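Input: a single structure, listed below in structure tokens.
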Amino acid sequence: MRISWLILFLVALPAWAVCADPVKTDLEVARSRLLAVVRADARISAADCDRWVNTLASDGSWPDLDYDDDRRSGWAPRMHWRRIRDLSFQSATGQVSDDPMPDAGPVIERAIRFWIDEPPVCTNWWYNAIGIPLEMGPALLALGTELDARLRDGVIDLMNHPPGGSSLAVDDGAYSQTATGQNLVWLAWIQLMMGLASENEAWILNASRQVSDVVVVTTEEGIQPDFSFHQHGPQYYSGGYGLSFTKSVGDIITVVHGTEFSLSKAAETVFLEFVLGGQGWIARGDALIFHSRGREIARPFRGPSVLGKVAGSLAEVGMPRSDELRRLGESVRGDLPWSDLDGVKMFYRSDVAIQQNRRFSISVRGTSFRLRGGESGNGENILGQYLAHGAHAILRHGAEYQDVFPLWDWRRIPGGLIAADAELSLFDWGMGKPVRSGFVGGVSTGSSACFGYDYDFEGTRAKRSWFLTDEGMIQLVADVSDREGRDLVQTLNQCRAIGPVSYLTGEGIVTAPQSLDFNDSLSSVEHDGVGYVFPESRKVRLEVETRVGSWRTINLTGSDTPISDDVFSLSFDLAPDDHEGYHYFVLPGALSDIEGSAEAVRRWKIIRNDADCQAIHDTRENELLAVFYAQGRVTLENGFSLRVRQPCTVILEFGAEGLVIHAADPTKSLDRIALSVSGSRLDLDLPQGSLRGKAIEPVRLAKPSE
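Each residue of the sequence shown is one higher than the one before, counting from 1306 in the numbering used here.
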């Protein structure tokens, strides 16, 4: 088999370079860009290609693949087409090796014919309709006219009408396979490849229209009004399906932008804001906030590099806001030590708060009865029922949680308040465990925030609030109870152990460079540049140990090969009726020594911490941050008071010119909030409809009278 010099030339170029040639038609430009995008994603080994050429059986199968595999996840026959894809690119370009490669043409055709004659069928429709065609398309495009026309047509027919009852049915311009969100975009990507492989412009245009129709702001599955992402119902999935959506739509825009096949301007505008105003917040370098990933937390992590690639490619093809896109790409790839983000964003549609700055990232996730807290599916995420219920992630450099999840004690999720003997049961597709909470959410000034959670899950209740500042996080917890009278565990963090651990006792500072199992009173702990401070010395459990596990622990189809790593865990036990309440501080990288961390917390004054209100006064920034679960009042030391008549979250910024009021409704049920600020009453109208839960526009008041 010989491959034309044109394909060799085009695939060797970056995706954006081909648009510089004015002679090429739009179809040629799109085909060349698509080949470059797919080739850049492929990890092709010349040694593997040689082995696959030499081991293919005479009937066109590979003996090491189980074609009768009945798994719904990690389906083995998909590798048949991935090998064909890689052989096609290696045969077409020869870029992965300087050594001559045996003619792969007969091998490729024999492998394709095997599949066409009797295609294996997976019990999971996704592999039949999406997973396999995603591998077929790149192979067809790489082979071009060198592939026998009958085989090409046979492959296209299988992509259009896959076995197992699924069908694109692209001839009439609509997809008969029911799909939404990311699944629909995958189907459009498949149709785009089919159209480019067969030079069917109607198919390409239909794929573009389908994507334009799904890249919209919606309250259904897809991009939410706050630019988070939902899939499988009202379920937060920005780092799972949302990342795949980013990759697929970004690649399609990279392929067709500036041609007659371009997406609509409205779709391109929405997608840019989704990437920069949504997806950029969930990444820190090459790490993702773990509670954004959904059930994909049960898979080995390959990083958000696709976000960096998409951002860079969009900048190169001339999309607006190219400087922001380029810098996002550089930060995700590690070319910059941090992103441009500096502040706190409330994703009010997903009950998530995320803080990003140059020194650290902290994120918090809750779940109300309006959302689904997570899912198991295909045997994945079988222990993760608490992931969406008060979990927080603390990141500085990005390696903190790298593939540590098979080694977790899943009753000690970072931020979790969980019964010590809680049953960790499966919760099926898109359902989550039943949630009773109606009050979840918060408000941000842009640089600080408060986030409240009227926690009521699996028999445990508590008022829990997180206050996010430029130096770290304060968590307040009150009104704790458990309907079954179980002992509870509050976890501050559980992550990879990186470097020594120091802790401060009444006798001074102790540094433990290796294993550690400490269960006694402490006032502060420091690990990997993060300080944990207990203003009132508290008996805590501090562990550093080497743990051994496997992905099979949390994914029934995962590898059972043992893995090990050192794990740091910090938690404390609670009686089930600890109504007194408690609080602690997390200071990531803000201070250089453990004693300094303990001193730093003096800037924050705890004003209230009870069943009705949790509030702090940041004396350095002169801000009052309050979470009201019911009507009530807070009063500062100088006599200034704030009274509210409905549940809400409020931040007051005091300045020489007066004050600024920020407020939001975490119940997402109110029309307005009534406030009294040192005797002056205000009625604040709240956003409605799909914007419920969003903060009001800041209200500025002249300095109130004493």
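Note that CB positions come from ideal geometry on N, CA and C, so glycine has one too.
Given the structure is predicted, the values throughout are model-derived calculations rather than measurements.
Which runs of the beta strand (DSSP E) fall wholly inside the segment 1713–1801 and span at least 3 residues, in chain order?
Listed in chain order, they are 1722–1724, 1745–1749, 1754–1762, 1765–1773, 1778–1787, 1793–1801.
Test item: CB-CB of LEU1446 and LEU1340 under 8 Å:
As a working mapping, residue 1446 is identified with position 141 in the sequence shown. As a working mapping, residue 1340 is identified with position 35 in the sequence shown. When the beta-carbon positions are compared, LEU1446 and LEU1340 come within less than 8 Å of each other.
CB of GLN1529 within 8 Å of CB of ARG1654, strictly:
Reading the sequence shown from its first residue, position 224 is the one you call residue 1529. Reading the sequence shown from its first residue, position 349 is the one you call residue 1654. Yes, the pair counts as a contact, with Cβ atoms nearer than the cut-off.
Assign ARG1907 to one of two classes, buried (16 or more other C-beta atoms within 10 Å of its C-beta) or exposed (fewer than that).
Your numbering for residue 1907 matches position 602 in the sequence shown. Note on ARG1907: under 16 other CB atoms within 10 angstroms of its CB, so exposed under the neighbour-count rule.
Determine the closest residue to LEU1692 out of ALA1725, ASP1726, GLY1737, with distance taken between C-alpha atoms.
Reading the sequence shown from its first residue, position 387 is the one you call residue 1692. It is GLY1737.
Less than 8 Å between C-beta atoms, sequence neighbours within five positions excluded: which residues of the same chain meet that for GLU1504?
Reading the sequence shown from its first residue, position 199 is the one you call residue 1504. Same-chain partners within the cutoff: LEU1332.
Where LYS1650 falls, given that 16 or more other Cβ within 10 Å makes a residue buried
For this step, residue 1650 is matched to residue 345 along the sequence shown. So LYS1650 ends up on the buried side.
Is any non-hydrogen atom of the ligand GTP found closer than 7 Å to the C-beta of THR1858, if you look at the structure I gave you?
The ligand GTP is absent from the structure shown, which contains no ligands of any kind.
So GLY1613 is in the alpha helix (DSSP H); what residue range does that whole segment cover?
Residue numbering aside, residue 1613 sits at position 308 when the sequence shown is read from its first letter. From DSSP, the alpha helix (DSSP H) with GLY1613 extends over 1610–1621.
Is the beta carbon of LEU1929 less than 8 Å from the beta carbon of ILE1956?
Residue numbering aside, residue 1929 sits at position 624 when the sequence shown is read from its first letter. Residue numbering aside, residue 1956 sits at position 651 when the sequence shown is read from its first letter. Closer than 8 Å, so yes.
Could you give the first and the last residue of the continuous alpha helix (DSSP H) run that contains ASP1331?
Stepping through the sequence shown from its first residue, residue 1331 is reached at position 26. 1331–1346 is the span of the alpha helix (DSSP H), which, as asked, contains ASP1331.
Where does GLN1707 sit, in a helix, a strand or coil, going by DSSP?
Locating residue 1707 in the sequence shown gives position 402, where the first residue counts as 1. Three-state DSSP puts GLN1707 in coil, outside helix and strand.
Minimum length 3: unbroken beta strand (DSSP E) runs contained in the segment 1821–1862
1821–1832, 1835–1854
Could you give the distance in angstroms between the alpha-carbon of ASP1998 and the alpha-carbon of SER1553?
The count along the sequence shown starts at 1 and reaches residue 1998 at position 693. The count along the sequence shown starts at 1 and reaches residue 1553 at position 248. The amino acid at residue 1998 is misidentified as Asp; the sequence shows Gly. Their Cα atoms are separated by approximately 30 Å.
Less than 8 Å between the C-beta atoms of LEU1947 and ALA1931, yes or no?
Counting from one through the sequence shown, the residue named residue 1947 turns up at place 642. Counting from one through the sequence shown, the residue named residue 1931 turns up at place 626. Result yes, Cβ atoms of LEU1947 and ALA1931 sit closer than 8 Å.
When you compare the CB positions of GLN1919 and SER1770, do they come within less than 8 Å of one another, or not?
The residue labelled residue 1919 in the question sits at position 614 within the sequence shown. The residue labelled residue 1770 in the question sits at position 465 within the sequence shown. Less than 8 Å divides the Cβ of GLN1919 from the Cβ of SER1770.
Work out the CA separation of ILE1687 and LEU1712 for me, nearest whole Å.
Translated into the one-based positions of the sequence shown, residue 1712 becomes position 407. Translated into the one-based positions of the sequence shown, residue 1687 becomes position 382. Cα to Cα, the separation comes out at about 14 Å.
Would you report the Cα separation of ALA1802 and ALA1817, rounded to the nearest angstrom?
The sequence position of residue 1802 within the sequence shown is 497, counting from 1. The sequence position of residue 1817 within the sequence shown is 512, counting from 1. If I take the Cα positions, the gap works out to 12 Å.
Is it true that the CB of LEU1991 sits closer than 8 Å to the CB of LEU1980?
Against the sequence shown, residue 1980 aligns to sequence position 675. Against the sequence shown, residue 1991 aligns to sequence position 686. Cβ distance not < 8 Å, so LEU1980 and LEU1991 don't count as in contact.
Length-filtered (4 minimum) alpha helix (DSSP H) runs lying within the segment 1365–1444:
Residue ranges of uninterrupted alpha helix (DSSP H) with 4 or more members, entirely inside the segment 1365–1444 and ordered along the chain, are 1383–1398, 1410–1422.
Could you compute how far the alpha carbon of VAL1490 sits from the alpha carbon of VAL1519?
The residue you call residue 1490 lines up with position 185 of the sequence shown. The residue you call residue 1519 lines up with position 214 of the sequence shown. Computed Cα separation, rounded: 8 Å.
THR1485: which of ASP1531, ASN1511, VAL1460, PHE1550 sits nearest, CA to CA?
The count along the sequence shown starts at 1 and reaches residue 1485 at position 180. Of the candidates ASP1531, ASN1511, VAL1460, PHE1550, the one whose C-alpha sits nearest the C-alpha of THR1485 is PHE1550.
How is LEU2006 classed by DSSP in three states: helix, strand or coil?
Along the sequence shown, one-based indexing puts residue 2006 at 701. Reduced to three states, the DSSP call for LEU2006 is strand.
Residue nearest to ARG1415 in terms of C-alpha spacing, selected from GLY1544, LEU1452, ALA1434, VAL1522
Along the sequence shown, one-based indexing puts residue 1415 at 110. Among GLY1544, LEU1452, ALA1434, VAL1522, the Cα nearest to that of ARG1415 belongs to LEU1452.
Going by DSSP in three states, GLN1690 sits in which element: helix, strand or coil?
Taking the sequence shown and counting its residues from 1, the one referred to as residue 1690 is at position 385. In the structure shown, GLN1690 sits in coil (DSSP, three-state: anything other than H, G, I, E or B).
Helix, strand or coil at TRP1491 according to DSSP, with G and I counted as helix
For the purposes of this step, residue 1491 is identified with residue 186 of the sequence shown, where counting begins at 1. Shown here, TRP1491 sits in a helix according to DSSP, grouped into three states.
Apart from the five residues just before and just after ASP1346, which ones in its own chain have a Cβ nearer than 6 Å to its Cβ?
Taking the first residue of the sequence shown as position 1, residue 1346 is located at position 41. There are no such residues.
With a cut-off of 8 Å on the beta carbons, I'd call GLY1743 and SER1786 a contact; round off their distance for me.
Taking the sequence shown and counting its residues from 1, one reaches residue 1743 at position 438. Taking the sequence shown and counting its residues from 1, one reaches residue 1786 at position 481. Actually they do not touch by this definition, with Cβ atoms about 17 Å apart.
Identify whether SER1995 lies in helix, strand or coil by the three-state DSSP scheme.
For this step, residue 1995 is matched to residue 690 along the sequence shown. Reduced to three states, the DSSP call for SER1995 is helix.
Just the Cα atoms here: how many angstroms apart are ASN1798 and LEU1370?
Position 493 of the sequence shown, counted from the first residue, corresponds to residue 1798. Position 65 of the sequence shown, counted from the first residue, corresponds to residue 1370. Going from the Cα of ASN1798 to the Cα of LEU1370 covers about 41 Å.
Simplified DSSP assignment, three categories, for SER1874
One-based indexing of the sequence shown puts residue 1874 at position 569. The answer is strand: DSSP assigns SER1874 an E or B state.
My assumption, with CB atoms under 8 Å, is that VAL2004 sits in contact with ILE1966. Please give the rounded CB distance.
Working through the sequence shown from its first residue, we reach residue 2004 at position 699. Working through the sequence shown from its first residue, we reach residue 1966 at position 661. Right, their Cβ atoms sit about 4 Å apart.
Could you tell me how far apart the beta carbons of SER1597 and GLY1678 are, in whole angstroms, since I believe they sit closer than 8 Å?
By 1-based counting over the sequence shown, the position of residue 1597 is 292. By 1-based counting over the sequence shown, the position of residue 1678 is 373. The Cβ separation is near 13 Å, so there is no contact.
Mind reading off the beta-carbon distance from ASP1656 to ARG1670? Whole number of angstroms is fine, and I expect it under 8 Å.
In the sequence shown, the residue the question calls residue 1656 occupies position 351. In the sequence shown, the residue the question calls residue 1670 occupies position 365. So it is a contact: roughly 7 Å between Cβ atoms.
Can you give the Cα-Cα distance for ASN1927 and SER1668, rounded to whole angstroms?
As a working note, residue 1927 is residue 622 in the sequence shown. As a working note, residue 1668 is residue 363 in the sequence shown. About 23 Å.
Please check the pair ILE1587 and ILE1659, which I expect to be a contact at CB under 8 Å, by giving their CB distance rounded to whole angstroms.
Start at 1 with the first residue of the sequence shown, and residue 1587 comes out as number 282. Start at 1 with the first residue of the sequence shown, and residue 1659 comes out as number 354. About 7 Å separates the two Cβ atoms, so the contact holds.
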